[in-house]
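Below is one structure, written out as structure tokens, with a few remarks after it.
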Amino acid sequence: EPEVTQTPSHQVTQMGQEVILRCVPISNHLYFYWYRQILGQKVEFLVSFYNNEISEKSEIFDDQFSVERPDGSNFTLKIRSTKLEDSAMYFCASSEGTDEAFFGQGTRLTVV
Amino acid sequence: DQQVKQNSPSLSVQEGRISILNCDYTNSMFDYFLWYKKYPAEGPTFLISISSIKDKNEDGRFTVFLNKSAKHLSLHIVPSQPGDSAVYFCAASAGGNKLVFGAGTILRVKS
Chain A
288 EPEVTQTPSH
298 QVTQMGQEVI
308 LRCVPISNHL
318 YFYWYRQILG
328 QKVEFLVSFY
338 NNEISEKSEI
348 FDDQFSVERP
358 DGSNFTLKIR
368 STKLEDSAMY
378 FCASSEGTDE
388 AFFGQGTRLT
398 VV
Chain B
341 DQQVKQNSPS
351 LSVQEGRISI
361 LNCDYTNSMF
371 DYFLWYKKYP
381 AEGPTFLISI
391 SSIKDKNEDG
401 RFTVFLNKSA
411 KHLSLHIVPS
421 QPGDSAVYFC
431 AASAGGNKLV
441 FGAGTILRVK
451 S
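Below you can see the structure in the form of structure tokens.
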């Protein structure tokens, strides 16, 4: 069964460093998303991406964040200068249309 | 932001009985609702969805009911199995793709 894959599964980084979280969405999907879940809190929407551009973003997705689809298969989330409060599970998701999104296993980001 | 609420943090059910998970929403623009299941250290797994034009959708042991006037939906699992033990998230979207999640309900099915 097709699945969304994310790498790495765990990333530890120092505060102020840049990180890139990688995702390979399901191949025929057209919509791509990043969500995050801070420990003990809700899953929160960060950004959606369609047709090579951001279609919607949340207040969390400030200038420190960017997304890119550098080729036909990868979808990346970059955090330019990490803060302690960026520590969370980051989930990539994709959907074929405006229906159910399928999530990856997540990347645990720990900022120290 | 409390647009989607799951007021029960946890639920414990005996194997073979029915599990009923509840979700309330406040945004009348939501037109698509989903339930996801999540195990520790894994991503949410899609379970079942319902469009606002329906009031019921069934898939095997899982049934979702939508009461638009009450802005309430529920997920019924029958019969419940120990493997159903997980965190269940209700999510909703409003004519687009962004999902708004509830806080989740931990379901424990006892054998």
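Chains as they are written, first to last, in the numbering used here: chain A, 288 to 399; chain B, 341 to 451.
All C-beta atoms, glycine included, are put in the ideal place defined by N, C-alpha and C.
- Secondary structure in the segment 408-434 of chain B: the beta strand (DSSP E) runs of 3 residues or longer, each lying completely within the stretch, are 412-417 and 426-433 in chain order.
- Within 9 Å of the CB of Tyr320/A, the CB atoms of chain B belong to Asn437, Lys438 and Leu439, in sequence order along the chain.
- For Leu371/A, the secondary structure class from DSSP, reduced to helix, strand or coil, is helix.
- Below the 8 Å Cβ cutoff, chain A contributes no neighbours of Leu351/B, its closest Cβ being approximately 18 Å away.
- With contacts defined as CB atoms closer than 8 Å, Glu387/A and Phe386/B qualify as a contacting pair.
- Here Ser359/B is not near Leu413/B, since their CB atoms are 8 Å or more apart.
- Contact between the segment 345-360 of chain B and the segment 296-312 of chain A is absent: fewer than three C-beta pairs spanning the two stretches fall below 8 Å.
- With a contact defined as Cβ atoms closer than 8 Å, Gln298/A and Leu396/A qualify at about 5 Å.
- In the DSSP annotation of this structure, the continuous segment of the beta strand (DSSP E) that includes Gln354/B starts and ends at Ser350 to Gln354.
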